[in-house]
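Since the structure comes first, as structure tokens, the remarks are kept for the end.
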Amino acid sequence: MRRLGIESVAVYSDADANAQHVHDADISVRIGPPPAVESYLSIDAVVDAARRSGADAVHPGYGFLSENQQFAAALDDAGIIFLGPPASAIATMGDKISARAAVVERGVPVVPGLSRPGLTDDELITAAPEIGFPVLIKPSAGGGGKGMHRVETADALPRALATARREAAAAFGDDTLFLEHFVDTPRHIEVQILADKYGSVIHLGERECSLQRRHQKVIEEAPSALLDAATRERIGEAACDAARSVSYVGAGTVEFIVSAHRPDEFFFMEMNTRLQVEHPVTEMVTGVDLVEQQLRVASGERLSLSQSDIRLTGHAVEARVYAEDPAAGFLPTGGTIVTVRHPVTPNIPTGSSVRADSAMRDGLVVGSDYDPMLAKIVAYGDDRATALARLDAALSKTHVLGVGTNIDFCRFVLARPEVAEAELDTELLDRLVVDYAAPATDPAAVALVALHQTGLTCWTSAGETVSAGTSSRRWSSAGEALAEPVYRDHGLWHTAIGWRIGDTATLRHTVTDGARTFVSELVPEATGASATITAGDESSWSATVSATDAQLTVDGLTAQWSLAVDDDAATWVAGPTGTWILRPVHVLADDADAEHAGDITSPMPGTVVAVPAVDGADVGVGEVVVVVEAMKMEHALTAPTAGFVAVKVAVGDKVKANQLVAHVQATVPSESETQEEKA
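For the sequence shown, the UniProt record's numbering puts the final residue at 679, and the numbers step up evenly by one.
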């Protein structure tokens, strides 16, 4: 916006007071407390903020009110431009049944099914055999996969319909359902369109979004490796016809389902009447700034581009960085980002082959109030293989310390042969996740933690203090020294390792990653140490380790590493092969471990939504004690042992990750019970 000379205004809730967009904007306006219904979903609050700041227009972003017809109408009533389509287009495309009817009139192919308002369960059950199993139950309102169910047989349909209605009513306040045939081996292809107020509509090619979990996209790319030139032209024109069916204005996305086995056949799914999260891949292969086009169209300009001007050059791939733990069933995570390192300067177009659109910054608190997406890392190449390789390299340099993310999982996916060969479908990630495990701890990470614990060396991300040996200096984001080396001010008296007069002593450290215990023995040297590291399985590594210029060199191989210690005294380490949390092991902790064996802690930050257990009551192993909700997902916390429970929280309480929510005092068996067990 600054390039166009436009002043920006950011709105924020209390939860986002320290968010990146607040710092980047020229003006920021508070609109309410963390609950979205009292801030980002409050039409009155957002319109009032626009008025008070003197804004001429409002960009709705990706979620919340971005596809809300009442919001678009309210802005129009206030004399403020909505950077989106007319409210009527939002209304028609926001209801999947009316959307299907509209595009059918323009000859756009739709998936065979039954869709009209007010369909009863009996009508859907009767129609299903003619549609053909498997069928897909879909709610007419909303999106994001809520209320969608694939049904294989007629016997399973009644129960699935009841479940889908409950979910749709709870999520959207509307339990209207319709039925579609489930396309075999489906691939998710979407087309970017632009339209002005004078009837001109063009498309900018397609994006492949088949790599998704629970209907949430993870990795997207442009163009799709599935389509040939003729199909690309046909699907693009169909998308333009869908936009014409509702007199669309602005940027939008038309989504299609395509069978991997019949790529020349495509079917309309829905239209997103807004800018998509994954729009950067389209910008990279077309060279068109979509946000600039939105601004120009909204200001009344005609499209300066014609269809013949659009050329797809090269390939681009994007990975979404989520606050979630793939190794633990993709549970939402959270906490405070202690240190973050991006592969390039975030949120500033550089013209390079890598782009980072990110909300992450040092000190950012990632809570449970909103969507878990933290950033998008995008890479471009002359061909698909190059783009995939560059994205993997960029992710290896994206270090997030303090909050668990899916970065390692994204790299696991990119390395799979199915992805390399573009053999994709919307259920591929659900199959691949079965084989996923968090990367094994790199011994170099253990060596780095040991170096840090000795007080010999430590550093954080660019722009922070970088220490090597006994000297430190400041570094800019470009890696340039900002000051000459100076002696560190915390020396031997501030370390926990002790010291002696005479020859250098071997230093011993023990840490665990939760699965294995590592013992490191270091012999300090001028700029690092010689290290011998032994794992719990008795395998061992020897290395010569040195640290300079925020890089770790192990046996002559140098790589970028990041290290940070969180509030729980856990050391986070990120390097070229993964991210790990290493905790010190204390040999006198056995009694403490036994004392805490009955602890129940929340695996994620969130809100307590239910406490089924009664404080002081007797509970059995596996019995649900507390239920925590985070980022629209519920997690039941169960008793690890039988005994008497002490509940530490109440419904409505906010909890942190690893916070104690209850404790079960194990029941001591009576003498007679013990004798019976022995017998």
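We treat Cβ as the ideally placed atom computed from N, Cα and C, and that holds for glycine.
Nearest Cα to A222 within the set G250, K197 and H188: H188.
As the crow flies, the alpha-carbon of A630 is around 4 Å from that of G606.
In the three-state scheme derived from DSSP, where H, G and I count as helix and E and B as strand, E418 is classed as helix. Rounded to the nearest angstrom, the Cβ distance from S353 to A375 is 17 Å, too far for a contact under 8 Å. If you draw a 10 Å sphere on the C-beta of Y198, you find fewer than 16 other C-beta atoms in it, and that means exposed. At a Cβ-Cβ threshold of 8 Å, V104 and A238 do not count as neighbours.
DSSP lists V573 as the beta-bridge partner residues of W580. With contacts defined by Cβ atoms closer than 8 Å, A72 and G84 form a contacting pair.
Between the segment 321 to 340 and the segment 278 to 295, the count of C-beta pairs closer than 8 Å stays below three; the two stretches do not touch. With respect to the 8 Å criterion, S210 and T176 are not classified as neighbours on the basis of their beta carbons.
Out of I137, Q20 and M1, the CA that lies nearest to the CA of V111 is found in I137. Taking the C-beta atoms as reference points, H663 is found nearer than 8 Å to A646.
For A440, the number of other beta carbons within 10 angstroms of its own is below 16, and it is reported as exposed.
Put simply, of G351, S247, L124 and V403 the residue whose alpha carbon is nearest the alpha carbon of P603 is V403. One Cα belongs to L227, the other to F268, and the distance between them is close to 16 Å.
Note that the segment 235 to 255 touches the segment 286 to 301; at least 3 beta-carbon pairs, one per stretch, sit closer than 8 Å. By the criterion of at least three beta-carbon pairs nearer than 8 Å, the segment 353 to 363 is in contact with the segment 331 to 339. Annotation: E7 to A319 spans about 30 Å, alpha carbon to alpha carbon. Setting aside the 5 residues that flank it on each side, A154 is surrounded in the same chain by I125, A128, P129 and F133, each with a C-beta closer than 8 Å to its C-beta; the list follows chain order.
For I202, there is no enclosing alpha helix (DSSP H); the enclosing beta strand (DSSP E) covers residues V201 to R213. By the neighbour-count criterion, in which 16 or more other beta carbons inside 10 Å mark a residue as buried, I348 falls on the exposed side. Between the segment 533 to 542 and the segment 308 to 318 there are fewer than three C-beta pairs closer than 8 Å, too few to call the two in contact. Note: T601 is bridge-paired with L660 in the DSSP secondary-structure output.
The Cβ-Cβ distance between A574 and W561 falls below 8 Å. Residue burial is scored here from C-beta neighbours: Q294 has at least 16 other C-beta atoms within 10 angstroms and is therefore classed as buried.
From the listed residues H261, L275 and V191, the smallest Cα separation to G236 is found for V191. V655 is a Cβ neighbour of V628, given a cutoff of 8 Å. Shortest Cα-Cα distance from G643 to any of C410, S358 and A666 involves A666. Cβ-Cβ distances below 6 Å link Q69 to A87, I90 and A91 in the same chain, with the five nearest sequence neighbours on each side left out; the list follows chain order. H23 counts as exposed, since fewer than 16 other C-beta atoms from the protein chains shown sit within 10 angstroms of its C-beta. Here the alpha carbons of G61 and A45 stand approximately 16 Å from one another. With contacts defined as CB atoms closer than 8 Å, T405 and V321 qualify as a contacting pair. Taking the Cβ atoms as the reference, I600 lies roughly 7 Å from A639, within the contact range of under 8 Å. Around S245, the same chain offers A102, V103 and R106 as residues with beta carbons nearer than 6 Å, after the five sequence neighbours per side are excluded. Closest in C-alpha terms to I97, from the list I377, G118, A229 and A168, comes G118. If you draw a straight line from the Cα of G367 to the Cα of A36, it comes to about 13 Å.
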